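Numbering-wise, the numbering used here comes out as the position in the sequence shown, counting from 1, plus 12. Where a beta carbon is used, it is the ideal one built from N, C-alpha and C, also for glycine. Please read all numbers here as calculations on a predicted model, not as lab measurements. Below you'll find the structure, written out as structure tokens, and then a few comments.
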Amino acid sequence: MGVTDVTTEPNAPWLIVGLGNPGPEYAMNRHNVGFMVADLLAGRMGAKFKRAGKAQAQVVEGRIGPPGPLSRRVVLAKPMSYMNLSGGPVTALRDFYKVPTAHVVAVHDELDIDYGVLRLKLGGGDNGHNGLKSMTKAMGAEYHRVRFGIGRPPGRMQVADFVLKDFGSAERKELDYFVDRAADAVECLVAEGLERAQSAYNS
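If you want it as structure tokens, here you go:
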């Protein structure tokens with residue numbers, strides 16, 4: 013099955029997935045920036061996450077975008093299965109809410125981009141990211157990604173150690189701004205399309 017053109021299904025809902033690990037010990041990890049963006053989007057919608065029935069995830073249902081023709085029906089989701097098993101809950105939610113795969117957006121940390129820089133795209137590889145790897149295995153690769161740069165580990169630090177550490181004190185000074193900008197990028201992607209969002213936010 014090829015990529016679904018967003019313009020052919022303007023009324024189809026969107027599934028916005030913040031990737032991360034559940035539990036307070038992971039809350040400020042670099043690997044959890046997807047959860048941070050999802051939480052901010054939920055706050056903008058004036059809603060709180062709740063358990064999603066049988067799916068191993070928390071969800072918020074609502075709308076994104078300005079009132080009128082650019083408003084889009086969305087489901088925000090945070091898989092509660094741990095990062096490397098994200099594909100199961102995401103696919104279950106996609107099927108339950110009847111979301112085209114091209115209307116799925118994964119918000120995730122990205123090692124090969126400098127801290128705070130955003131890159132939006134449709135499809136592509138997983139670049140070693142276990143959350144993306146699980147999602148792609150479960151439903152194919154043709155979903156959108158909002159990639160939030162966290163940079164490479166310093167010195168000889170292992171990647172797994174780096175992503176599971178909290179953002180450093182210098183990073184935290186700008187973290188709220190960068191998370192806010194990533195949430196703006198998600199809203200732009202959903203309401204106005206990938207090309208417009210890339211032009212505005214692929215810094």
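**Request:** Determine the burial state of S211: buried for a count of at least 16 other Cβ atoms within 10 Å of its Cβ, exposed for fewer.
**Result:** exposed
**Asked** By Cβ distance below 7 Å, which residues in the same chain neighbour R75 in space, the five residues on each side in sequence not counted?
**Response** S83, R84, R85 and V86
**Terminal residues of the alpha helix (DSSP H) in which L132 lies** = If you look at L132, you'll find it isn't in any alpha helix (DSSP H); it sits in the beta strand (DSSP E) that goes L130 to L134.
**Message:** Would M147 and S98 be called neighbours here (beta carbons separated by less than 7 Å)?
**Reply:** yes
**Prompt:** Going by the CB atoms, is the gap between M92 and N142 shorter than 7 Å?
**Reply:** N142 places its beta carbon 7 Å or farther from that of M92.
**Message:** The alpha helix (DSSP H) that contains Q210, what's its start and end?
**Reply:** L206 to Y213
**Item:** CB contact flag (A118, R157, <7 Å)
**Value:** yes
**Prompt:** Are there three or more Cβ pairs, one per stretch, closer than 8 Å when the segment 45-59 is compared with the segment 160-169?
**Reply:** They touch, by the three-pair rule.
**Request:** Using alpha carbons as the reference points, say which of E73, G58 and R56 lies closest to A64.
**Result:** E73
**Request:** Grab me the residues of F61's own chain with a C-beta within less than 7 Å of its C-beta, minus the 5 sequence neighbours each way, in chain order.
**Result:** A54, Q70, V71, V72 and K90
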